[in-house]
Every structure is written in C-alpha cells, then in structure tokens.
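Take the sequence shown: its letter number 254 is residue 254 in full-length UniProt numbering, and every next letter is one higher.
The beta-carbon is built from N, C-alpha and C at its ideal position, and this holds for glycine as well.
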Amino acid sequence: MDHPVYHPRRCNTVLVVDWDETVTVRDTTALLALVAEQHAPKERQFAYFTTKYLESYAQFEKLFHNEYGDITTHHMETQFQKRLRAIEMQSIRRLEESRFFLDVPKTVFEQLALSIELRPDAVPFLRSFCGAVYVLSVNWCRSMIETCLAQQGLECVTVMANDLETHNGRTTGIFSAEFDIRTGYDKACKLQELRNAHPAAHIVFVGDSHGDVLAIVEADVGIVIANGKAKQTLQKIAEVHSIVTVNECTTHERGTGISPANVSPVVYEGTWAQIAASLPCK
Numbered sequence: 001m002d003h004p005v006y007h008p009r010r011c012n013t014v015l016v017v018d019w020d021e022t023v024t025v026r027d028t029t030a031l032l033a034l035v036a037e038q039h040a041p042k043e044r045q046f047a048y049f050t051t052k053y054l055e056s057y058a059q060f061e062k063l064f065h066n067e068y069g070d071i072t073t074h075h076m077e078t079q080f081q082k083r084l085r086a087i088e089m090q091s092i093r094r095l096e097e098s099r100f101f102l103d104v105p106k107t108v109f110e111q112l113a114l115s116i117e118l119r120p121d122a123v124p125f126l127r128s129f130c131g132a133v134y135v136l137s138v139n140w141c142r143s144m145i146e147t148c149l150a151q152q153g154l155e156c157v158t159v160m161a162n163d164l165e166t167h168n169g170r171t172t173g174i175f176s177a178e179f180d181i182r183t184g185y186d187k188a189c190k191l192q193e194l195r196n197a198h199p200a201a202h203i204v205f206v207g208d209s210h211g212d213v214l215a216i217v218e219a220d221v222g223i224v225i226a227n228g229k230a231k232q233t234l235q236k237i238a239e240v241h242s243i244v245t246v247n248e249c250t251t252h253e254r255g256t257g258i259s260p261a262n263v264s265p266v267v268y269e270g271t272w273a274q275i276a277a278s279l280p281c282k
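Following this line, the structure appears as structure tokens:
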C-alpha cells in the first residue's frame, strides 16, 4: 500500500506521548505505592488494592465480552473504555477511603523521579523535537513526572496527568481534581482538547498499551512503541487497515517523514530512534 507522505519540517507538529512504558522502561505506579508504604505503616498493603482491582477488571471484561463479543471496531473499543471508568474510579475510591497515600511528603515522590529509568533515545529526541510536546498519562503523580523530565532538561514539556492532593507539602490521601484521566477514553478526550488548542497542527501520539489505542487511532499520526501491548488490540480494529514500521513510510528525501492517518488509519510502530528519524527536530 502506498502511504501519502507529509513534510513535518514544513508544518506545525504537536507531539503527545504516553508516560509509563512509553517514555519509561517500566510502569511506575508500583513505585509510588512502594514509597508510600515505606514512609508510613499502612492498614492494608498495596497488594490488597491490586488484587481487588484485578478481580473487578476481570469481572468487567468478562461481562463486556459476553454482551458484545470481541472488540473489533473503534466504536466497541470506545464503549469498552467508557465503561471501564467505573472500575478505575472504584479503585481510586478504595485508595482514598483507606487514606493509603495520606501524609507523604511531596518531596518523597519527587526524589523517586531519580530512580525512574527512561527508554533509550527517548530523551534526546524529546529535547530536539521542534514542536510542542505533551505527556498524556493516567499516572497518579504528575509532580513526579514533571520532576523526572526537569532532571533531563525537559521543563518545556507539558504534563497532563493525575496527581495527589497536597497541603503544606504533604499528601492528604485524596487525588487532585485538576486532572481526571483514568481510561483510554479520557485520553482520547484530552487529545481532542489538544487538537482544538492547535487547530492547524498535525497531532502525533505515541503510546504502548491497550489504554492508548483510542488516542493512537484518533491522532493524525498514531505510533505504537515497538513491542507495545497496544498492537494486539490494534490488529483487531477493523478501521486500522495496516500497522507498518516508521521506517517503511519514510522516503529517501531528507526532511520528509511519516504520513498522517486519516479516516482509514494506518498505524505506525517503531523505537524512539526510528521515530526520531521520521519526525522534525531542531
């Protein structure tokens, strides 16, 4: 299949990236829980909340598939992610009611940023990208992400993620109401907000997981990180006609890059090094 090629150096490009296992090597949610447990004794360990969440998720997934069958369309994936929000919020309420994250100094989470391992080639590319960059994540600690990015000289990146409410520099045990991003559908809604804020821009989204599928499909250019779990779901979505590597849709002309995915999206897959070779840099 021939893919139309656009010229990123001649257009306005906005880059939106997931955080956990897209920019980072591993998921960081467990790290947040670990430092909270280490800071103060807990009535219940985080493993309890993980087990309850997985039980609720498995039941929800079973009921959804019993009613609708396998997810094979963009509409079905949208419905799945919309309904998943109830399970995610149930988990958040459990954590808040138990005050699991109560009275933890904000600096503890900021120090945690020092231990986060980022994917090779991600940081150099994000530093050199010539357009606006956003992190769009369901992660629970925006301040940790911002600190991690600042340590890498990426203060200019805007982070859209949940956070823990603080008072006098310590957590209250409640999640902040500033952002409420819990599911892939929430991510897709935020992506639309960014599209409205940058109406003349090509929106590029890079993600890795099932929760990134809607944003990948709905972006002008959707990219799944090489070996990302999202690929399994994307291969089942009827509107996704093909998944090709970033390198396959570049040309030999310097300065040209990957093509935008429109009504019948082509999804791209690649490492950060491959993405860097296909998107505009300074």
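| Check | Outcome |
| --- | --- |
| Buried or exposed for A122, please, with buried defined as at least 16 other CB atoms from any protein chain shown within 10 angstroms of its CB. | buried |
| From the DSSP output, in three-state form, read off R26 for me. | coil |
| Suppose you measure from the CA of K187 to the CA of I181; what does that come to, to the nearest Å? | 6 angstroms |
| Classify S115 as helix, strand or coil using the three-state DSSP reduction. | helix |
| Give a yes or no on whether the C-beta atoms belonging to residue 334 and D20 are separated by under 7 angstroms. | Any property of residue 334 remains undetermined from this structure, which presents the chain solely from 1 to 282. |
| So, is residue 284 buried or exposed, given that buried needs 16 or more other C-beta atoms within 10 angstroms? | Residue coverage of the chain in this structure runs from 1 to 282, which leaves residue 284 outside it and unanswerable. |
| Compute the distance between the beta-carbons of I87 and Y48, then report whether it is under 7 angstroms. | no |
| Rounding to the nearest angstrom, what Cα-Cα distance links R85 and V244 in this structure? | 31 angstroms |
| What do you get for K62, buried or exposed, if any count of 16 or more other CB atoms within 10 angstroms of its CB means buried? | exposed |
| Could you name the residues that DSSP lists as bridge partners for E269? | V224 and T245 |
| In whole angstroms, give me the CA-to-CA distance for Q45 and A36. | 10 angstroms |
| Taking only runs that begin and end inside the region 62 to 141, name each unbroken beta strand (DSSP E) of 3 or more residues, in chain order. | 102 to 105 and 133 to 136 |
| Classify T147 as helix, strand or coil using the three-state DSSP reduction. | helix |
| By the three-class DSSP mapping on this structure, what secondary structure does E253 have? | Its pLDDT being 31, under 50, E253 is placed unreliably by the model, and nothing is read from it. |
| Leaving out five residues before and five after Q90 in sequence, what residues of the same chain have Cβ atoms less than 7 angstroms from its Cβ? | S56 |
| Three Cβ pairs or more, each shorter than 8 angstroms: is that satisfied between the region 189 to 202 and the region 116 to 130? | no |
| Considering only residues of the same chain and omitting the five flanking positions on each side of I92, which have a CB-CB separation below 8 angstroms? | F175 and R182 |
| Looking only at its chain, what residues have a beta carbon closer than 8 angstroms to the beta carbon of A276, apart from the 5 residues adjacent to it on each side? | D121, P124, F125 and S128 |
| Leaving out the 5 sequence neighbours to the left and right, which residues in its chain are closer than 6 angstroms to Q274 when beta-carbon positions are compared? | V246 and N247 |
| Are at least three pairs of beta-carbons, each pair with one atom in the region 229 to 238 and one in the region 204 to 213, less than 8 angstroms apart? | yes |
| When DSSP builds the beta bridges, which residues end up paired with R195? | Note: R195 sits in no beta bridge, so no partner. |
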